[in-house]
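Q:
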Amino acid sequence: MLACEIRSATANDMASVSAIYEHFVLNTTNTLEVTPPDVLEMERRRQSVLDRGLPYLVAELEGYVVGYCYASQFRPREGYRYTVEDSIYVRADCIGYGVGRKLLKALIAACESSGCHRLVACICGDNPASMALHASQGFARVGTIPEAGFKLGRWVDMSMMQRPLGVSKEIAMRSEAGELQAV
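With the first letter of the sequence shown counted as 1, position 111 gets the number 112 in this note's numbering; the numbers rise by one all the way through.
Here's what the structure looks like:
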């Protein structure tokens, strides 16, 4: 296991984050995005996550960003406001050294602190490592959408996993009544 530090991402991290993501966009079906976003777009996405009060984290090893993760709103409708979706990417040469596990553990804790109720993972393509990582952290597989997307000349399935977090029905109802600020 690599001794990396998990911390909140900053605008200065986005060049590294963009480079990590570009590898997956161009070479895998782990994401169905087909054109790598530039650094400015990655910063816009980071800011959008932060504006919702959700976590955007990086794993840093010896001064270098070697992975990142964040939680985003699962669906745009307000009724989904307590359900978030995770995204986790680790630099290709650091996969298999526990970076993803550290990131996911930190993301789960941050989502719980942010008042989220469910954390969803939408795992595209043939990605048994991501399925195993999520299962090891309490996620259960809840379904598969066959041929949900098309990339790299083939149809790609999307598996969905979810994990309960801490927000109770009572807290959500108080928020709905205007007594608390929602996520």
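For every residue, glycine included, the Cβ atom is placed at its ideal position computed from N, Cα and C.
By Cβ distance, which residues of its chain are closer than 8 Å to V35, with the 5 residues on each side in sequence left out?
A: Counted from its first residue, the sequence shown places residue 35 at position 34. The residues are V26 and K152.
Q: Please state if the CB of L105 and the CB of Q74 are separated by a distance shorter than 8 Å.
A: Taking the first residue of the sequence shown as 1, we reach residue 74 at position 73. Taking the first residue of the sequence shown as 1, we reach residue 105 at position 104. Taking 8 Å as the Cβ cut-off, Q74 and L105 do not qualify as a contacting pair.
Q: At 4 residues or longer, what runs of the alpha helix (DSSP H) sit wholly inside the region 30 to 78?
A: Qualifying alpha helix (DSSP H) stretches, in chain order: 40 to 52.
Q: At what residues does the beta strand (DSSP E) containing F151 begin and finish?
A: Against the sequence shown, residue 151 aligns to sequence position 150. It spans A141 to K152 - the beta strand (DSSP E) in which F151 sits, taken as one unbroken run.
Q: Measure the beta-carbon distance from G64 to M2 and round it to whole angstroms, keeping in mind my assumption that it falls under 8 Å.
A: Taking the sequence shown and counting its residues from 1, the one referred to as residue 64 is at position 63. Taking the sequence shown and counting its residues from 1, the one referred to as residue 2 is at position 1. Not quite, the Cβ-Cβ distance comes to about 19 Å (not below 8 Å), so this is no contact.
Q: So the beta strand (DSSP E) S160 belongs to, where does it begin and stop?
A: Walking along the sequence shown from the start, residue 160 turns up at place 159. First-last of the beta strand (DSSP E) with S160: R155 to P165.
Q: Just the C-alpha distance for L41 and S114, rounded to the nearest angstrom, thanks.
A: Counting from one through the sequence shown, the residue named residue 41 turns up at place 40. Counting from one through the sequence shown, the residue named residue 114 turns up at place 113. One C-alpha to the other measures close to 28 Å.
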